[in-house]
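Read the structure below first, then the notes.
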Amino acid sequence: MSDNTASSAALPVLTVRDLKLHYFTSKGVVRALDGLSFDLLPGETIGLVGESGCGKTTTGVALLNMPSPPGRIVEGSIRIDGTEIVGLGDHELRRKVRWSKISMVFQGAMNCLTPVYTIRKLMRETYAEHFVGERIDAAAIEVLMRKYVTLVGLPEHVLGRYPHELSGGMKQRVVIAMALFLEPKVIVMDEPTTALDVIVQAQILNLIKRLKRELKLSYIFITHDLATEAEVADRILVMYAGKMAELGSNEEIFGPAGSRHGPLHPYTQKLLASTPLLRKKVSELAFIPGAPPDLIDPPAGCRFAPRCSFAKEKCRSVEPPVAEIENRHMVACWKAMEDPEYVRA
Amino acid sequence: MCALKMSPAMPERPGYFGYDDSNVILELRLLRKEFHVHRGRTIVKAVDGVSFQLHRGEILGLVGESGCGKTTTGKLIMKLIEPSSGAIIVDGEDRTRLPREREIEYRRHVQMIFQDPYASMNPHFKVKDVLEEPLLIHKIGRTRSERMDMVAEVMEKVKMSPASEYMDRHPHMLSGGQRQRIATARTLILKPQIIVADEPVSMIDLSTRAEILHLMKSIQREMELSFLYITHDISTARFFTDRIAVMYLGRIVEIGSQDEVIDHPIHPYTKALIAAVCEPVPGRVGIERELQVKGEIPSAAAIPAGCRFHPRCPFAAKECEELPEPELEDIGGGHLHACRRWKEI
Numbered sequence: 154m155s156d157n158t159a160s161s162a163a164l165p166v167l168t169v170r171d172l173k174l175h176y177f178t179s180k181g182v183v184r185a186l187d188g189l190s191f192d193l194l195p196g197e198t199i200g201l202v203g204e205s206g207c208g209k210t211t212t213g214v215a216l217l218n219m220p221s222p223p224g225r226i227v228e229g230s231i232r233i234d235g236t237e238i239v240g241l242g243d244h245e246l247r248r249k250v251r252w253s254k255i256s257m258v259f260q261g262a263m264n265c266l267t268p269v270y271t272i273r274k275l276m277r278e279t280y281a282e283h284f285v286g287e288r289i290d291a292a293a294i295e296v297l298m299r300k301y302v303t304l305v306g307l308p309e310h311v312l313g314r315y316p317h318e319l320s321g322g323m324k325q326r327v328v329i330a331m332a333l334f335l336e337p338k339v340i341v342m343d344e345p346t347t348a349l350d351v352i353v354q355a356q357i358l359n360l361i362k363r364l365k366r367e368l369k370l371s372y373i374f375i376t377h378d379l380a381t382e383a384e385v386a387d388r389i390l391v392m393y394a395g396k397m398a399e400l401g402s403n404e405e406i407f408g409p410a411g412s413r414h415g416p417l418h419p420y421t422q423k424l425l426a427s428t429p430l431l432r433k434k435v436s437e438l439a440f441i442p443g444a445p446p447d448l449i450d451p452p453a454g455c456r457f458a459p460r461c462s463f464a465k466e467k468c469r470s471v472e473p474p475v476a477e478i479e480n481r482h483m484v485a486c487w488k489a490m491e492d493p494e495y496v497r498a
Numbered sequence: 003m004c005a006l007k008m009s010p011a012m013p014e015r016p017g018y019f020g021y022d023d024s025n026v027i028l029e030l031r032l033l034r035k036e037f038h039v040h041r042g043r044t045i046v047k048a049v050d051g052v053s054f055q056l057h058r059g060e061i062l063g064l065v066g067e068s069g070c071g072k073t074t075t076g077k078l079i080m081k082l083i084e085p086s087s088g089a090i091i092v093d094g095e096d097r098t099r100l101p102r103e104r105e106i107e108y109r110r111h112v113q114m115i116f117q118d119p120y121a122s123m124n125p126h127f128k129v130k131d132v133l134e135e136p137l138l139i140h141k142i143g144r145t146r147s148e149r150m151d152m153v154a155e156v157m158e159k160v161k162m163s164p165a166s167e168y169m170d171r172h173p174h175m176l177s178g179g180q181r182q183r184i185a186t187a188r189t190l191i192l193k194p195q196i197i198v199a200d201e202p203v204s205m206i207d208l209s210t211r212a213e214i215l216h217l218m219k220s221i222q223r224e225m226e227l228s229f230l231y232i233t234h235d236i237s238t239a240r241f242f243t244d245r246i247a248v249m250y251l252g253r254i255v256e257i258g259s260q261d262e263v264i265d266h267p268i269h270p271y272t273k274a275l276i277a278a279v280c281e282p283v284p285g286r287v288g289i290e291r292e293l294q295v296k297g298e299i300p301s302a303a304a305i306p307a308g309c310r311f312h313p314r315c316p317f318a319a320k321e322c323e324e325l326p327e328p329e330l331e332d333i334g335g336g337h338l339h340a341c342r343r344w345k346e347i
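Below, the structure is given as structure tokens:
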């Protein structure tokens with residue numbers, strides 16, 4: 154279970170093994186992230202996708218070892234560039250990990266820029282946070298700031314502007330520039346285009362693609378929208394109720410129905426079938442009855458079983474492990490594993 | 003102070019609507035709404051001459067980016083705000099300005115479903131109180147038990163059955179999808195003719211979004227309701243609507259049957275909107291989307307002269323800037339657009 158990723162030529166930049174992050178609330182322990190393992194290769198984008206509450210954002214903040222209280226990483230390992238970060242203290246994480254090895258574009262960050270600071274001051278603060286107690290070479294930082302602002306497609310004079318003077322798309326570019334600032338190799342993007350209008354969304358997606366190519370970045374791209382994942386992610390990790398349901402390549406997840414490719418987990422299949430398409434007219438959209446389970450007291454067996462039309466007795470009692478079905482295509486579903494007649498819907 | 007304001011002379015219906023009047027339930031004629039901000043120094047033209055007709059028993063989608071005035075248009079129709087000029091005609095009668103008592107009666111026939119099912123219900127109310135309140139306001143039903151029968155009936159209609167199981171719950175005990183069913187039931191209980199739905203599913207998880215849309219559509223067909231569906235999401239509009247009106251910066255730039263508008267768009271803005279939409283198909287990673295439209299929607303306080311889209315339009319010529327704004331033009335089959343150069347591009 155812990156080593157289910159086939160070895161590949163390149164060493165992964167990020168290795169996550171059996172990661173568990175629980176929230177210790179007054180109502181009980183919410184098992185928001187309950188055992189997740191995957192490898193991120195250099196220059197690769199993994200798309201984390203799922204409904205709200207499935208643990209996507211929890212995974213994102215866990216990768217920076219920055220759980221929001223009352224959350225805590227209770228188990229597992231995260232290695233970035235060979236460094237184990239679970240168990241590191243806050244000071245070390247700040248100095249050696251966050252922003253220099255892995256950074257994050259938070260959901261809605263563009264609307265949380267301190268309104269009384271100029272973009273220059275905001276960016277400089279990112280730098281100062283990292284090098285607490287060290288002398289900062291203002292001229293060198295200015296050069297860096299100009300470089301990254303230009304790189305994200307903004308004119309240099311935005312450094313002197315206040316957040317309210319910028320449009321939504323420009324603010325999102327500033328947030329991305331701030332994530333790039335200390336030259337990390339891995340960036341976690343949490344719904345970076347959700348709050349934007351569709352044309353601006355496409356502009357930002359183009360930027361994200363260009364930066365990946367030019368700076369050889371690896372992304373963890375979090376969104377609830379499968380269509381956006383199809384646009385950016387080399388591999389898609391579908392999450393359900395704090396666990397991995399499926400991990401497959403873009404072609405495997407979005408491949409044409411009935412072909413050799415295609416999603417294997419019933420949840421992925423249903424989620425895809427419920428996505429409205431613009432360029433093709435459909436009279437019926439699928440939906441999944443019911444709601445995701447309570448993560449304080451998740452159901453025994455497969456967590457999707459109560460909503461799954463294929464669920465059998467075994468699904469309700471024994472939890473399916475994550476298994477590799479085809480080359481690097483992983484799925485946690487008894488039916489996909491055991492039924493040779495299984496036809497991809 | 004609260005004397006009835008006289009309706010100004012009703013604006014002429016723009017020449018481009020040639021429909022049979024008997025089929026029109028709601029008509030907007032050159033509707034405008036200006037907001038005076040900065041102590042009147044700035045005029046924001048949120049809705050700037052909107053004309054369209056909503057037919058009996060149809061779903062019209064009002065699609066556009068944030069800031070295009072689509073929500074303001076919805077609020078004007080609901081009479082939550084007063085228009086600056088223009089007319090709102092319901093069932094052949096001018097309802098642009100109404101005294102307070104008539105406004106309540108008006109809203110019995112014109113109801114609204116709001117975007118946020120978490121904010122649109124009083125948290126202290128039980129489901130049955132949420133649904134009874136419109137009956138009390140409109141003095142429908144003599145006794146509580148009579149009203150409760152109506153509540154139970156409408157709950158069955160939105161598939162919240164058995165009604166007795168949900169009636170005594172508070173909104174926080176319901177999922178987003180269930181809340182939006184209750185919000186729908188709250189409008190239906192008054193047996194309205196027109197429903198204005200402002201992004202009714204944008205806050206609902208993908209797996210249940212289709213379920214809510216299916217439900218709304220089947221109720222709409224069954225009760226022959228006229229539905230105005232306001233959304234930024236042209237993909238759900240394709241699935242849900244009969245006709246689509248595309249709005250840009252306070253105006254409608256294209257309107258027609260959904261097939262026509264999406265498969266054969268004419269206005270460069272509609273084309274740009276459609277080109278920017280992502281879809282869950284493989285083979286897109288690493289390819290930057292070709293976007294001819296640059297920049298973002300300008301402020302409604304500074305609407306460009308001439309065609310308001312010309313600064314962003316890849317096909318703009320001198321005439322687009324210099325000549326007055328183009329009116330909607332019918333190219334047949336009820337497909338109208340406001341682009342002067344449509345034949346050349």
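Here the protein sequences come in this chain order: A and B. Quick note: the first sequence uses the numbering used here, first residue 154, plus one each step. Quick note: the second sequence uses the numbering used here, first residue 3, plus one each step. The beta carbon of each residue, even a glycine, is placed where N, CA and C say it ideally should be.
ask   = Going by other Cβ atoms of all chains shown within 10 Å of its Cβ, with 16 needed for buried, is A:S371 buried or exposed?
value = buried
key: Exposed unless 16 or more other CB atoms sit within 10 angstroms - verdict on A:E479   = exposed
C-beta neighbour in chain B for A:V227, strict 9 Å = no
Delimiting residues of the beta strand (DSSP E) encompassing A:S371 = S371 to T376
key: According to DSSP, residues forming a beta bridge with A:E328   = For the sequence presented, residue 328 of chain A should be read as Val rather than Glu. DSSP, once it has assigned bridges, lists no residue as partnering A:V328.
task = Flag A:I199 as yes if its beta-carbon sits less than 9 Å from any beta-carbon of chain B, otherwise no.
result = The beta carbon of A:I199 sits no closer than 9 Å to any beta carbon of chain B.
Where B:Y271 falls: helix, strand or coil (DSSP) = Here B:Y271 sits in helix by DSSP.
4 or more residues per run - each alpha helix (DSSP H) lying fully within the stretch 39-87 of chain B = 72-80
inquiry  = Can you check whether the C-beta of A:S320 is within less than 9 Å of a C-beta belonging to chain B?
reply    = Using a Cβ-Cβ cut-off of 9 Å, A:S320 counts as an interface residue toward chain B, since at least one Cβ of chain B sits closer than that to its own.
inquiry  = Does any residue of chain B have a CB that is nearer than 9 Å to the CB of A:A444?
reply    = yes
query = Does the beta-carbon distance from B:V129 to B:Y168 come in below 9 Å?
reply = yes
query = Given that a residue counts as buried once 16 or more other Cβ atoms are within 10 Å of its Cβ, and exposed if not, what is B:Y358?
reply = Any question about residue 358 of chain B goes unanswered here, given that chain B covers just 3 to 347.
ask   = Is the stretch 232-243 of chain B in contact with the stretch 256-266 of chain B, if contact means three or more CB pairs nearer than 8 Å?
value = yes
Within 9 Å of chain A by C-beta, residues of the stretch 227-243 of chain B in sequence order = H234, D235, I236, S237, T238, A239, R240, F241 and F242
Residues of its chain near A:A332, where Cβ-Cβ distance is below 7 Å and the 5 sequence neighbours each way are ignored = S256, M257, V258 and I340
ask   = Three-state secondary structure (DSSP) at B:A302?
value = coil
task = Label B:R109 either buried or exposed according to how many other C-beta atoms from any shown protein chain fall within 10 Å of its C-beta, with 16 as the threshold for buried.
result = buried
inquiry  = Just to check my reading of the structure: B:I27 and B:L56 have Cβ atoms closer than 8 Å, yes? What is that Cβ distance to the nearest angstrom?
reply    = Right, the Cβ-Cβ distance comes to about 6 Å (below 8 Å), so this counts as a contact.
inquiry  = Just verifying my parser: in three-state terms, what is the DSSP assignment at A:H244?
reply    = helix
ask   = In three-state terms, what does DSSP make of B:K345?
value = Here B:K345 sits in coil by DSSP.
ask   = Run through DSSP, which three-state label would A:S482 get?
value = Note on identity: in this sequence residue 482 of chain A is His, with Ser being the wrong assignment. The answer is strand: DSSP assigns A:H482 an E or B state.
ask   = Should B:Q294 be labelled buried (16 or more other beta-carbon atoms within 10 Å of its own) or exposed?
value = exposed
Close beta carbons around B:A303, own chain, < 6 Å, minus the five adjacent residues each side = Closer than 6 Å at Cβ, skipping near neighbours: T44 and V46.
Check whether B:G252 and B:D96 have beta carbons under 9 Å apart = no
ask   = Less than 9 Å separating the beta-carbons of A:K338 and A:D234?
value = yes
query = Shorter than 9 Å from the beta carbon of A:K369 to some beta carbon of chain B?
reply = no
query = For A:L186, which beta-bridge partners are listed by DSSP?
reply = A:L174
task = Identify the contact partners of A:L379 in chain B, using a Cβ-Cβ distance below 8 Å as the criterion.
result = When 8 Å is used as the limit between beta carbons, A:L379 is near these residues of chain B: L208 and P282, in chain order.
request  = Return yes when the Cβ of B:K273 is within less than 9 Å of the Cβ of B:P282, no when it is not.
outcome  = no
task = Quick one: list the residues of chain A neighbouring B:L275, beta-carbon separation under 8 Å, in chain order.
result = V351 and I352
query = What are the boundary residues of the alpha helix (DSSP H) that includes B:E105?
reply = R102 to H111
request  = Sort A:Y420, A:K180, A:L312 and A:N359 by Cα distance to B:A278 and report the nearest one.
outcome  = Among A:Y420, A:K180, A:L312 and A:N359, the Cα nearest to that of B:A278 belongs to A:N359.
task = Out of A:T178, A:G200 and A:H175, state which residue places its alpha-carbon closest to the alpha-carbon of A:Y192.
result = Sequence check: residue 192 of chain A is Asp here, not Tyr. For the residues A:T178, A:G200 and A:H175, the minimum Cα distance to A:D192 belongs to A:G200.
query = Does the beta-carbon of B:V39 have 16 or more other beta-carbons within 10 angstroms, so that it is buried, or is it exposed?
reply = By the Cβ neighbour-count rule, B:V39 is exposed, with fewer than 16 other Cβ atoms within 10 Å of its own.
query = Among B:S87, B:G76, B:I184 and B:H312, which has the Cα closest to the Cα of B:V112?
reply = B:G76
message = DSSP has A:R456 in a bridge; who is on the other side?
response = Bridge partners of A:R456: none, in fact.
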